[in-house]
Every structure is written in C-alpha cells, then in structure tokens.
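A.B. asks: Residue numbers (the working numbering), protein chains in the order written: chain A, 1 to 228; chain B, 1 to 338. Glycine is no exception: its CB is placed at the ideal position from the N, C-alpha and C atoms. Remember, it's a predicted structure, so these values are computed and weren't measured experimentally. First the structure, which I've put down as structure tokens, then a few questions once you've had a look.
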Amino acid sequence: MSTTPTPTPHGSWTGRVREAAVSALPPEKLLPEGQPTYVASWIYVFGVASIASLVVIIVSGSILSLKGPAWWHYTGVGHFFNSVHLWAVELFFFVMVVHLWGKYWMAAWRGGRTRVWVTGAITFLVAVPTALTGYVSQQNFDAQWIATQAKDGLNSVGVGAFFNVTNFGQMYSYHVLLLPLAVVALVTAHVLLVRRHGVVPPFALESRPTGGPPEPVGEQPPPVGAVS
Amino acid sequence: MSRLSQALRGRDDTGPWTGAYAPYDLIKELCIAVGVIALLAVLLAVLFSSPDDKPSTIAQWSRQMPINFVTAAAKELDGTSPTAEYGPPYNHNGEGQHAAFLYPQKWLGVSHPINTANDFVIDPLRTVPNDPALQSAIAQYQAAPEKTQKAWGEAFAKPLEEYETALEEKKTPTTAVALSSTTGSVSVQASGAGPVPALMSGLLSLAKSGGLDGSLLTSRQFFQTDYTKPLLFMSDGGLLAERAEGQHLLGEQWGMMNETGSYPGQVWLWLYTLWYQVEPFKSSENADILVMLVMGALSLAFICIPLIPGVRDLPRLIPIHRLIWREHYRAGGPPPAA
Numbered sequence: 001m002s003t004t005p006t007p008t009p010h011g012s013w014t015g016r017v018r019e020a021a022v023s024a025l026p027p028e029k030l031l032p033e034g035q036p037t038y039v040a041s042w043i044y045v046f047g048v049a050s051i052a053s054l055v056v057i058i059v060s061g062s063i064l065s066l067k068g069p070a071w072w073h074y075t076g077v078g079h080f081f082n083s084v085h086l087w088a089v090e091l092f093f094f095v096m097v098v099h100l101w102g103k104y105w106m107a108a109w110r111g112g113r114t115r116v117w118v119t120g121a122i123t124f125l126v127a128v129p130t131a132l133t134g135y136v137s138q139q140n141f142d143a144q145w146i147a148t149q150a151k152d153g154l155n156s157v158g159v160g161a162f163f164n165v166t167n168f169g170q171m172y173s174y175h176v177l178l179l180p181l182a183v184v185a186l187v188t189a190h191v192l193l194v195r196r197h198g199v200v201p202p203f204a205l206e207s208r209p210t211g212g213p214p215e216p217v218g219e220q221p222p223p224v225g226a227v228s
Numbered sequence: 001m002s003r004l005s006q007a008l009r010g011r012d013d014t015g016p017w018t019g020a021y022a023p024y025d026l027i028k029e030l031c032i033a034v035g036v037i038a039l040l041a042v043l044l045a046v047l048f049s050s051p052d053d054k055p056s057t058i059a060q061w062s063r064q065m066p067i068n069f070v071t072a073a074a075k076e077l078d079g080t081s082p083t084a085e086y087g088p089p090y091n092h093n094g095e096g097q098h099a100a101f102l103y104p105q106k107w108l109g110v111s112h113p114i115n116t117a118n119d120f121v122i123d124p125l126r127t128v129p130n131d132p133a134l135q136s137a138i139a140q141y142q143a144a145p146e147k148t149q150k151a152w153g154e155a156f157a158k159p160l161e162e163y164e165t166a167l168e169e170k171k172t173p174t175t176a177v178a179l180s181s182t183t184g185s186v187s188v189q190a191s192g193a194g195p196v197p198a199l200m201s202g203l204l205s206l207a208k209s210g211g212l213d214g215s216l217l218t219s220r221q222f223f224q225t226d227y228t229k230p231l232l233f234m235s236d237g238g239l240l241a242e243r244a245e246g247q248h249l250l251g252e253q254w255g256m257m258n259e260t261g262s263y264p265g266q267v268w269l270w271l272y273t274l275w276y277q278v279e280p281f282k283s284s285e286n287a288d289i290l291v292m293l294v295m296g297a298l299s300l301a302f303i304c305i306p307l308i309p310g311v312r313d314l315p316r317l318i319p320i321h322r323l324i325w326r327e328h329y330r331a332g333g334p335p336p337a338a
C-alpha cells in the first residue's frame, strides 16, 4: 500500500490566501445548515429577495445585451425581456429599501457589524446610477428627456466632465459592465460579511417579559455548521 | 480602546448568541426566492409591459414646430441659447453653478467643447451641396466682424423671441413672423439681419430633410454613439419639453423620477427630486449643485449611520424590534451574552 506524501507548506502566497480565507470563513460558517432561533421573521425574506431580484436583473439584462441595445424596440420577445428587466429593477429597489429599513430598526450594525451596514448602504447608492445609466440607454424619448435633465445635476458638481449622460456609448458601457460589476462585488462582500459575523441578535430586554417560558439554563451547543 | 473609538462605537452590549439554533437551508431559500421574484417579474411584464415612446428627431421638430426650431437655431447662431451660455463642460461662456466657494463645474473645465454657432449651424450648412447662394451667405457671415455677426443675429432673433413670448403668454403674436402653410417655410421681417435669414432658411431645409440629425453626430468616425450635440440642440427648443409636459416629466412635475406613461419610473429618486419642489432650491440659479451637495451629505450620513449618535440609538429607543423579533421575545429566548 502506497501513501501520497503530504506537501510541505512553504508559506506561498496561494497557501497564505487559502489559510486566511478558511480562517475568516470556514466552510461550515460560510454555508451553515442552521440559524439562531431568532431568525424567524418575514423581514429576513427581503435580504434574500434583494439578491434574487439582482439575479433576475442580471439574467434578463444579459439576454438583452446578447441581442444588442436596439433589439427590444422591434421584436415582441425583446420587449418582453425588457419588461422583465424593468420590473425586476422595480422589485429590486422595493425589496432592498424594505431590507434596509428592517436592518435599521434592528440596528444591524451592532456587535462589530458596521462594515455589513456600510457595504449594504453603498450597494444601494451604487445601484442608483446603475439604474440611471439603464434609463438613459433606452434609446427612446424617456432616455432623451432623462439624459437632458440629469446632465445639469451631474455637470453642476463636475461629474459631467467624465460621465456624460448624453453619450449613449459611454452610458451603455457603464450600464452593462462597470456598474453591475460594482454592485455584484459589493453584494458579494456584504453577504460574506454577514456570513462571517452572523445575523445580528435581538436587543437584550431590560426587563424580561412575564408569563413566558423560563429562560433556558446553560448554553446550548450549536449544531454543526451553525453561525457562531 | 481610545475615547474616539469608544465614541464612534457607541453603546453596544451585543454579544455572541448563546441560545438555540434551528435548521435553516440558505441555498433552498435563495432558489425559492429567485423563482418567486422571476415569477413576479414575468407576471408584471405580462400585465403591464414596459413603455417605449419613440425618440424625437430634429427632423420631426423642424417639421412640427418650424418657428420654434428657427428661433432656437437663431439663438445658437448668436450665442444666446442655453447651451451657448452653459459654460463647462461645453464652453467657457459661463462659470456654471456654484455653492459658496465651490465651483466644481468650472474647476473640471471644458471636456466636451461645443461652439453652438459653428457646430449647430455653420458646419452642417457647409455640407449642403449645389447651393451657391447658401455658401455665399456662409462666406459673408464668416467674413464679418464678430460685432456685426452679433448685430445680425440679434436683429433676426428679436421678432422670433417676441413671437414665442406672445404664444407663451397666449397673446396675439407679432405679424413679423409668418409660417407658409404650403411650403412650411418661415419668413421673418427683420431689417439689418444680413445673411442670417438665408442661413436659417438653409438650416430649416436641411433639418426637415433629416440631414441635420446626422450632421450633429460627432463626425470623427463612421460609427457614432455620442448624441451630446443633437440632444443639447433639441433641449434648447420646445419639442422635448412639450412632450415631457404631456408625460408629466417636467421639473415641477417631479421630473425624471417619473416615466413616460403611468409607470413607476425611478421612484427611488424621490428625495433627490423633492428638493427641487421646495425653497430655497426651487428658485435658486444654483439649484442643481445645492441639491447634489445636500444629497451627497445625506448619502454620507446614510452610510455612516452606525457612527452617528442619536440616529444609531433610535432603533433601541423606538421598539420596532419587538415587532420584528416578537416570536423570540414571546418565547422568552435567551438574550445574547453581554
């Protein structure tokens, strides 16, 4: 019977990155099969709904991109996918705003989770120009009007010098690649931070409610893969 | 921990969870969510579709509103149109907007140079073939001193501006401006206008033929994607604004957060649009930069909520969390370890 010798660690960059990644987010923490019992409210649905909306936006947007920016104007199928894209964007912003309000009232930055809040808030702010570049890339009257109106705000703070909303080519590039890439990167960072720190626990009550079941005695060991 | 760090962190007694865990399938939840959202988006798409109002062209504008087109073109020629006087990033004819000592529009300079007289009028007219009278008018205009050009332009634009003002005020317009119902040409009785009437007549014909739409695209190469010039020229006229008013898209109608038709549009811009509806922004010449600065400050505050005393404490003081975690509190679950 032969054995494969275990490679000796040499402190390579690859090894260090792997060790750092596994140390920060071990697999059972990255994809746990359990959550604390307080994760039981409809408000938690809006976080995953935001990601789901982003998935639908990217899929419908990719189909529109594959066929080119003019396709949806002259085919029924193209118009359908444009409609799906539009409504997915509306849903994305709706569920994300509810998610943000929910997280605000949960004070979800507690317990060393400031970066979780910050990445979420920046994602919302980056999503706004991502949508705007889509609106001015529509190649219809709406795009003409929004471009001529938006230019004044952007020009007034100097942004118009390098971000020209009346330049369709530039706006299309921003819309289909640069800004979505930024949103996806931010969402990825946000989710990884949530997984690392876990879902924020409830506020401790100053006085315990009367009539409820007694507080459990002793620490209950988390199941394998649970968030610590 | 330093005092600053302590102040920024605020009161935080949140410790690791010491209570029970329940089975929770994150991947299954995500898959179900994608399915539900996709279904919702498809349902909304089938029920409501999406708007697609055809874009306006300069050819349409010149055919539907020839007097308005000639008025705008005359202003482009004599340098009194909104684009001509805009300043950076298009030209140096204005400083742009400012707030106190902040002049970012001026600081960033002219990145998309536009000379409205040359780019919108003279250069397109040069492309018109087999019209010696028109080319002679161009030569005469360009050979004249700037002061004379200005005087010609103003003499031609004056009756047109009076005509447009009378229409806006619903008064009887001046008879110095007339539209031929047969040829669609515009005649302007203006003495001392030099070759300007010939230039404007030539530009109107070019625009009606659709030639001006193409001429205004940046002409450095065959493939074009920059519509800055035709869009700015059209926004100096009345067609876009007229269509926008009909679609409740004007600034005083909450502007660009709306969309054509009855679609929700960019509703997430409500706060940005709100400032334009109230004083002092509403009547300020620097409304855009003021609104952008306010929104910039609010956006920064939004990101920094965990560090802002008061704002970060409201969730603890207003017990909406009792509603969110009502099951947890009702069950008398253990608090996180302090």
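With DSSP as the reference, label Q138 (chain A) as helix, strand or coil.
C.D. replies: coil
A.B. asks: Which runs of the alpha helix (DSSP H) fall wholly inside the segment 217-247 of chain B and span at least 4 residues, in chain order?
C.D. replies: 228-235 and 239-246
A.B. asks: Per the contact definition of three or more C-beta pairs closer than 8 Å, is the segment 146-158 of chain B in contact with the segment 62-82 of chain B?
C.D. replies: yes
A.B. asks: So, with DSSP's three-state summary, where would you put V186 (chain B)?
C.D. replies: Assignment of V186 (chain B) by DSSP, reduced to helix, strand and coil, places it in the strand class.
A.B. asks: Residues of chain B with CB under 7 Å from V39 (chain A), in chain order?
C.D. replies: Y24
A.B. asks: Nearest by alpha-carbon distance to S209 (chain B): which of B:P55, B:K54 and B:Q60 is it?
C.D. replies: Looking only at B:P55, B:K54 and B:Q60, the smallest Cα-Cα distance to S209 (chain B) is reached by B:Q60.
A.B. asks: Just verifying my parser: in three-state terms, what is the DSSP assignment at V177 (chain B)?
C.D. replies: strand
A.B. asks: Of all Cβ atoms in chain B, is any one closer than 9 Å to the Cβ of G158 (chain A)?
C.D. replies: yes
A.B. asks: At what residues does the beta strand (DSSP E) containing L36 (chain A) begin and finish?
C.D. replies: Going by the sequence as given, residue 36 (chain A) is Pro instead of Leu. Unbroken beta strand (DSSP E) run through P36 (chain A): G34 to P36.
A.B. asks: Considering just the uninterrupted stretch of the beta strand (DSSP E) at Y21 (chain B), what are its terminal residues?
C.D. replies: Y21 to P23
A.B. asks: Starting from the Cα of P132 (chain B), find the closest Cα among B:E162, B:L199 and B:I58 and give me that residue.
C.D. replies: B:L199
A.B. asks: When the Cα of S185 (chain B) is compared with those of B:K171, B:A117 and B:S201, which residue comes out closest?
C.D. replies: Of the candidates B:K171, B:A117 and B:S201, the residue whose Cα lies closest to the Cα of S185 (chain B) is B:S201.
A.B. asks: Roughly how many angstroms separate the alpha carbons of I43 (chain A) and G94 (chain B), rounded to a whole number?
C.D. replies: Approximately 51 Å between the Cα atoms of the pair.
A.B. asks: Can you name, in chain order, every residue of its own chain whose Cβ lies under 8 Å from the Cβ of D12 (chain B), other than the five neighbours on each side?
C.D. replies: none
A.B. asks: Quick test of your reading: V136 (chain A) and A127 (chain A), contact by CB under 8 Å. State the CB separation rounded to the nearest angstrom.
C.D. replies: The Cβ separation is near 15 Å, so there is no contact.
A.B. asks: Along the segment 161-176 of chain A, what residues have a CB closer than 8 Å to any CB found in chain B?
C.D. replies: Taking 8 Å as the Cβ-Cβ cut-off, the segment 161-176 of chain A approaches chain B at A161, F162, N164, T166, N167, F168, G169, Q170 and Y172, given in chain order.
A.B. asks: Let me make sure I understand the geometry here. Which of A:H197, A:G78, A:N164 and A:L66 has the alpha-carbon closest to that of L132 (chain A)?
C.D. replies: When A:H197, A:G78, A:N164 and A:L66 are compared, the shortest CA-CA separation from L132 (chain A) is found for A:N164.
A.B. asks: Mind checking if T66 (chain A) is an interface residue toward chain B, Cβ cutoff 9 Å exclusive?
C.D. replies: According to the sequence displayed, residue 66 (chain A) carries Leu and not Thr. No - not a single Cβ of chain B is within 9 Å of the one on L66 (chain A).
A.B. asks: For A38 (chain B) versus A52 (chain A), is the C-beta spacing smaller than 9 Å?
C.D. replies: yes
A.B. asks: Should P89 (chain B) and S111 (chain B) be called a contact, given that it needs their Cβ atoms to be closer than 9 Å?
C.D. replies: Taking a C-beta distance under 9 Å as the contact criterion, P89 (chain B) and S111 (chain B) qualify as a contact pair.
A.B. asks: From the beta carbon of T133 (chain A), is the nearest beta carbon of chain B less than 9 Å away?
C.D. replies: no
A.B. asks: What ranges does the alpha helix (DSSP H) occupy inside the segment 64-144 of chain B, keeping only unbroken runs of at least 4 residues that lie completely in it?
C.D. replies: 66-78, 104-108, 123-126 and 132-143
A.B. asks: The alpha helix (DSSP H) spanning Q253 (chain B) covers which residue range?
C.D. replies: From DSSP, Q253 (chain B) is part of no alpha helix (DSSP H); its letter is neither H nor E.
A.B. asks: Listing by chain order, which chain B residues have their CB less than 7 Å from the CB of E90 (chain A)?
C.D. replies: Neighbours of E90 (chain A) on chain B, chain order: P264.
A.B. asks: Going by the CB atoms, is the gap between T148 (chain A) and L240 (chain B) shorter than 9 Å?
C.D. replies: yes
A.B. asks: Return the chain-ordered list of same chain residues with a C-beta closer than 7 Å to the C-beta of L26 (chain B), the five sequence neighbours on each side being excluded.
C.D. replies: There are no such residues.
A.B. asks: What three-state label does DSSP hand N258 (chain B) in the structure shown?
C.D. replies: coil
A.B. asks: Could you give the DSSP three-state label for N167 (chain A): helix, strand or coil?
C.D. replies: strand
A.B. asks: Quick one: does E33 (chain A) have its CB under 9 Å from some CB of chain B?
C.D. replies: yes
A.B. asks: What residues in its chain sit with their C-beta under 7 Å from that of V187 (chain A), if we drop five residues either side in the sequence?
C.D. replies: I51, L54 and T123
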